[in-house]
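Novice: Take a look at this one; I'll ask things after.
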Amino acid sequence: MVRQARGKSQHKRSVGLLVQPGISLGPRGNPGPMIALGWQLLNIAAMVARVVVYLTDWCPYCHSARRLLNGKGVAFEEICVEARTDLRAWLLEASGQRTVPQIFINSRSVGGFSELAALDRAGELDGLLVESASGAESPLPS
Ligand SMILES: N[C@@H](CCC(=O)N[C@@H](CS)C(=O)NCC(=O)O)C(=O)O
């Protein structure tokens with residue numbers, strides 16, 4: 002099953018449009034908070050990587066991965082591998098791991114939630130999320 006989580010690229014684009022008024026307008030002539038908001042919205046709009054999460058519904062680590070990605074405002078696809086021995090076998094080959102979630106950014110295996118969170122702590126995740134998919138990446142199975 003493929004679901005689009007928060008995954009509306011139109012939404013991302015329309016959010017980006019709010020940035021300009023955010024920068025130029027502020028309450029009582031103080032643009033500070035609006036600039037901060039503008040930056041935040043700009044970051045959300047810039048999360049353009051293709052993110053795919055293979056998961057199961059009941060898995061706590063999957064929920065944690067979802068929460069982290071939602072917190073970043075990034076659109077991602079969820080592919081449920083509950084009863085999918087074919088996808089489980091492919092994931093083992095592609096990631097070297099047997100557990101879920103398995104996360105791919107622009108078709109590159111990032112690992113599970115622990116690895117995703119470690120990348121975030123190291124300050125490296127945002128950089129990966131703003132790298133746009135070139136279209137040359139190998140397609141991922143669903
Ligand atoms: N360190 C991994 C742990 C993931 C994990 O243990 N996932 C459990 C489900 S929550 C799992 O896949 N267990 C084995 C299985 O379901 O086959 C991560 O952070 O993603």
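Those letters in the sequence shown? Residues 2 to 143, by the numbering used here. In this text, a Cβ means the ideal position worked out from N, Cα and C, and glycines have one as well.
Please state whether DSSP places G112 in a helix, a strand or coil.
Specialist: Residue state, collapsed to three classes: strand.
Novice: Rounded to whole angstroms, what is the Cα-Cα separation between P61 and Q103?
Specialist: Whole-angstrom Cα-Cα distance: 13 Å.
Novice: S143 to V52, Cα distance in whole Å?
Specialist: One C-alpha to the other measures close to 13 Å.
Novice: Can you grab the Cα-Cα spacing for the pair A95 / D58, in whole Å?
Specialist: Near 21 Å, if we compare the C-alpha coordinates of D58 and A95.
Novice: Please report the residue range of the beta strand (DSSP E) in which E78 lies.
Specialist: It spans F77 to C81 - the beta strand (DSSP E) in which E78 sits, taken as one unbroken run.
Novice: Just checking, does the region 115 to 134 make contact with the region 80 to 89 on the three C-beta pairs under 8 Å criterion?
Specialist: The region 115 to 134 vs the region 80 to 89: no contact.
Novice: Is L38 helix, strand or coil when you go by DSSP?
Specialist: Three-state DSSP puts L38 in a helix.
Novice: Restricting to Cα atoms, I'd like to know which of D127, S108 and G112 is closest to S135.
Specialist: For S135, the nearest C-alpha among the options comes from S108.
Novice: Shortest alpha-carbon distance to D127 belongs to which of A84, V49 and L141?
Specialist: The shortest C-alpha separation from D127 is found at V49.
Novice: So, with DSSP's three-state summary, where would you put L141?
Specialist: L141: coil per DSSP, three-state reduction.
Novice: Ignore the nearest five residues each way along the sequence and tell me which others in L93's own chain have a CB closer than 7 Å to its CB.
Specialist: Cβ within range, chain order: R99.
Novice: Return the first residue and the last residue of the beta strand (DSSP E) that Q103 is part of.
Specialist: From DSSP, the beta strand (DSSP E) with Q103 extends over Q103 to I106.
Novice: Start and end of the alpha helix (DSSP H) containing D58?
Specialist: From DSSP, D58 is part of no alpha helix (DSSP H); its letter is neither H nor E.
Novice: Are the beta-carbon atoms belonging to V75 and L130 less than 8 Å from one another?
Specialist: Contact flag set, yes.
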